[in-house]
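Everything below concerns the one structure shown next.
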Amino acid sequence: MKAEALKGNDYRMTIKTRFAPSPTGYLHVGGARTALFSWLYARKHGGKFVLRIEDTDLERSTEESINAILEGMTWLGLEYDEGPFYQTHHFDRYNEIIDQLLGEGKAYRCNCSRERLDALREEQMKNKVKPRYDGHCRGKAISPDEPHVIRFLNPPTGTVVFDDMVRGNVAFNNEELDDLIIRRTDGSPTYNLTVVVDDADMGITHVIRGDDHINNTPRQINILRALGKDLPVYAHLPMILGDDGSRLSKRHGAVSVMEYHNQGVLPEALLNYLVRLGWSHGDQEIFSIDEMIELFDIKDVNKAASSFNTEKLLWLNQHYIKEDKPDRIAHLLSPHMGNRGIDPATGPDLVEVARVQQERAKTLVEMAEISEFFYKDYDAFDENAAKKNLRPVAKEPLLKIKEALQALDDWSPERLKQAVDDVAESLDLKMGKVAQPLRVAVSGRAATPGIDETLFLVGKEATLRRIDMALAYIEAREQQ
RNA sequence: GCUCCCUUCGUCUAGUGGUCCAGGACGCUGCCCUCUCAAGGCGGUAACACGGGUUCGAACCCCGUAGGGAGCGCCA
984 MKAEALKGND YRMTIKTRFA PSPTGYLHVG GARTALFSWL YARKHGGKFV LRIEDTDLER
1044 STEESINAIL EGMTWLGLEY DEGPFYQTHH FDRYNEIIDQ LLGEGKAYRC NCSRERLDAL
1104 REEQMKNKVK PRYDGHCRGK AISPDEPHVI RFLNPPTGTV VFDDMVRGNV AFNNEELDDL
1164 IIRRTDGSPT YNLTVVVDDA DMGITHVIRG DDHINNTPRQ INILRALGKD LPVYAHLPMI
1224 LGDDGSRLSK RHGAVSVMEY HNQGVLPEAL LNYLVRLGWS HGDQEIFSID EMIELFDIKD
1284 VNKAASSFNT EKLLWLNQHY IKEDKPDRIA HLLSPHMGNR GIDPATGPDL VEVARVQQER
1344 AKTLVEMAEI SEFFYKDYDA FDENAAKKNL RPVAKEPLLK IKEALQALDD WSPERLKQAV
1404 DDVAESLDLK MGKVAQPLRV AVSGRAATPG IDETLFLVGK EATLRRIDMA LAYIEAREQQ
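Going from the first sequence to my numbering is simple: count from 1 and add 983.
Put into structure tokens, the structure is as follows:
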């Protein structure tokens, strides 16, 4: 008996959040952060997280976009416990609710023409008042057989008040609202109705969404009340702006989550970056997923919008690349090598390459670029590097080191380091005078990992061949 | 235009009346380390939007102003 009661109580208390994107584009960073916060809230409280696709706009919704959103969620690891649900599958239910409201006199038919509505709006704007429907069709007997929309009869007076988890107490006057359309002429339901019905049906306890929806909240609350449903708790998250403070758009560079994936950003880096946008926990910057779940509290979310800063994202990305296990980095790096036409199986162990490059790249794309020479001869020397280091004075050190390396049968980093040291000493040169020309010779570039690791991974045969290429380059220069 | 909201270094933020001539992080920058590039270590640069109050005392409370944002669809 007691256990039974407890169980019932627990059920009601189970927290459920949702992410409800409309599939009209890719998953962008703003949506991803909204999803992250919703997900964190559910995870932190042992609740459920549901994914609902709001595809009632048949004109703009696409299959491609649905897949892009699903792909983005998966990549970020924001796994959902229920769904994906599709609103287009719930039309019968929405109609049932709309008919119920109609029957109860809480909604009515309206046959105002678009022309009348447009004229009304224009008139109101001209008179400097907020444009809203004037209730022209309220109480009019309009036949279901003639073309019409259905409007929700919004309470004409009073105030809608709710306690937002991030905004605090929010109040709207019903006078500011109007009788919104809940069913279009073509019979399809509209957003404010479908959201309310689904949230109630799915048992969503906490509606966490972007604050561009805050103005919809009082309308939704009024519909919920008309339906006699419990209200969820609301949390309206601030927007993410571009680095110039304006609304995030394509001209700010990448906004799609998968674009970051393509650029070689690690999901944990993006997540860490996103969680710190509008939220903080003292001075802490680095958060593992588990720490986020443990420490995240929606009450610590800021009210003000924040600007997206790619530099900081890249810093975090480098941090995670550096900290991660070389074999995972190698695994993630492999496709990027493939994009450059390189099959990692044809050269040194990619795990070893990842290990030596880990702290030298901000993205996996960059790491692939600076690692290409381990797998294939460079097409040309980096111009500045060659100009500076492959000069006639470098000839003797290169010849000497070539000789020393040729004689080496233990091609280990230790012996390679020793060989370079020995040559430098024998010529009475600083190590850099030998190592740097050698570096440019074997890699074609000015910067690589330590010379010992570099030579080791490039291998004896390629090293000797490339030293000859460098010597030929120097000689060609001398001819000029 | 109307309604609502927001405002600490360039950026992300800490800060909830005295411990703040404002702390951390990214960026930029100086030095150290060093075979290059990174990474790392130690420094530096830089902010309470403005104007009035309230108070012994204000980044923190109140009021204006300015700037920014969101919404005002048979889009979501």
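Glycine included, each C-beta is placed from N, C-alpha and C at the ideal position.
Host alpha helix (DSSP H) of Glu1065 (start-end): Where Glu1065 is concerned, there is no enclosing alpha helix (DSSP H), although the beta strand (DSSP E) it sits in stretches over Glu1065 to Tyr1069.
Short of 8 Å in beta carbon distance, which residues of its chain neighbour Glu1129, apart from the five on each side in sequence? Order them along the chain. Leaving aside the five residues that flank Glu1129 on each side, the residues in its chain whose CB is nearer than 8 Å to its CB run, in chain order, Asn1094.
Can you tell me which of Asn1372, Arg1448, Ser1409 and Gly1442 puts its alpha carbon nearest to the alpha carbon of Ala973? Limits of the chain in this structure are 984 at one end and 1463 at the other, which puts residue 973 out of reach.
DSSP beta-bridge partners for Phe1002? Leu1034
Other residues of its chain near Lys999: CB distance less than 6 Å, five sequence neighbours each side excluded: Gly1030, Lys1031, Gly1186, Ile1187 and Thr1188
With a CB to CB cut of under 7 Å and the five nearest residues on each side skipped, what residues in its chain are close to Asn1292? Asp1226
Whose C-beta lies closer than 8 Å to the C-beta of Ile1081 among residues of the same chain, with five residues either side of it excluded? So the list reads Ala1090, Ile1133, Ile1165, Arg1166, Pro1172 and Leu1176, once near-sequence residues are dropped.
Please state if the CB of Leu1034 and the CB of Pro1067 are separated by a distance shorter than 7 Å. yes
According to DSSP, residues forming a beta bridge with Arg1134: Tyr1091 and Ile1164
Is Asp1326 buried or exposed, if buried means 16 or more other CB atoms sit within 10 Å of its CB? exposed
At the level of alpha carbons, what is the spacing between Gly991 and Asp1064? With a pLDDT of 36 at Gly991, under the threshold of 50, the modelled position of this residue cannot be trusted, and the question is left open.
Would you kindly work out how many angstroms separate the C-alpha atoms of Ser1263 and Asp1273, rounded to a whole number? Straight-line Cα distance between these residues: approximately 15 Å.
For Met1148, which of His1119, Ala1183, Gly1193 and Asp1162 has the nearest alpha-carbon? Out of His1119, Ala1183, Gly1193 and Asp1162, Gly1193 has the C-alpha closest to the C-alpha of Met1148.
Length of the line joining the Cα atoms of Ala1124 and Tyr1174: Rounded to the nearest angstrom, the two C-alpha atoms are 26 Å apart.
Within a Cβ cutoff of 7 Å, which residues of the same chain sit near Lys1416, ignoring the five residues on either side of it in sequence? Pro1380 and Ala1407
Inter-residue spacing [alpha-carbon to alpha-carbon] between Gln1218 and Asn1205: Sequence check: residue 1218 is Ala here, not Gln. Using only the alpha carbons, I get a separation of about 17 Å.
C-alpha gap between Phe1145 and Lys1282, whole angstroms: 15 Å
Unbroken alpha helix (DSSP H) run spanning Arg1016, endpoints: Run containing Arg1016: Val1012 to Lys1027, per the alpha helix (DSSP H) assignment.
Would you decide whether Lys1370 is buried or exposed? Buried here means 16 or more other CB atoms lie within 10 Å of its CB. exposed
DSSP beta-bridge partners of Ser1290: Note: Ser1290 sits in a beta bridge opposite Leu1224.
Glu1355 classed as buried or exposed, judged by whether at least 16 other C-beta atoms fall within 10 angstroms: buried
Quick test of your reading: Leu1249 and Ile1304, contact by CB under 8 Å. State the CB separation rounded to the nearest angstrom. 7 Å
If you run the structure through DSSP and keep just helix, strand and coil, what is Phe1145? strand
CA-CA distance, Arg1026 and Glu1251? 17 Å
Return the first residue and the last residue of the alpha helix (DSSP H) that Ala1418 is part of. Met1414 to Ser1426
Do Asp1038 and Gln1070 have their CB atoms nearer than 7 Å? yes
For Ala1313, the nearest candidate out of Arg1001, Val1339 and Leu1260 (CA to CA): Val1339
Should Pro1004 be labelled buried (16 or more other beta-carbon atoms within 10 Å of its own) or exposed? buried
What is the DSSP secondary structure of Ala1430, reduced to helix, strand or coil? In this structure, Ala1430 counts as coil in the three-state DSSP scheme.
Can you tell me whether Val1376 is helix, strand or coil according to DSSP? helix
Trp1058: beta carbon under 6 Å from a heavy atom of the ligand GTP? As for the ligand GTP, it is missing from this structure, which has no ligand bound.
Report all residues from its chain with a CB closer than 6 Å to the CB of Ala1288; omit the five preceding and five following residues, and keep chain order. Pro1221, Met1222 and Leu1224
Backbone CA spacing between Arg1202 and Ser1126 [nearest angstrom]: 26 Å
Which residues DSSP lists as bridging His1119, in chain order: BP columns for His1119 are empty, so no partner.
Rounded to whole angstroms, what's the CA-CA distance from Gly1265 to Gly1151? Just pull it up for me. 21 Å
In the segment 1344 to 1416, which residue ranges form an unbroken alpha helix (DSSP H) of at least 4 residues, counting only runs that do not cross its ends? Whole alpha helix (DSSP H) segments, 4+ residues: 1347 to 1354, 1366 to 1372, 1378 to 1390 and 1396 to 1409.
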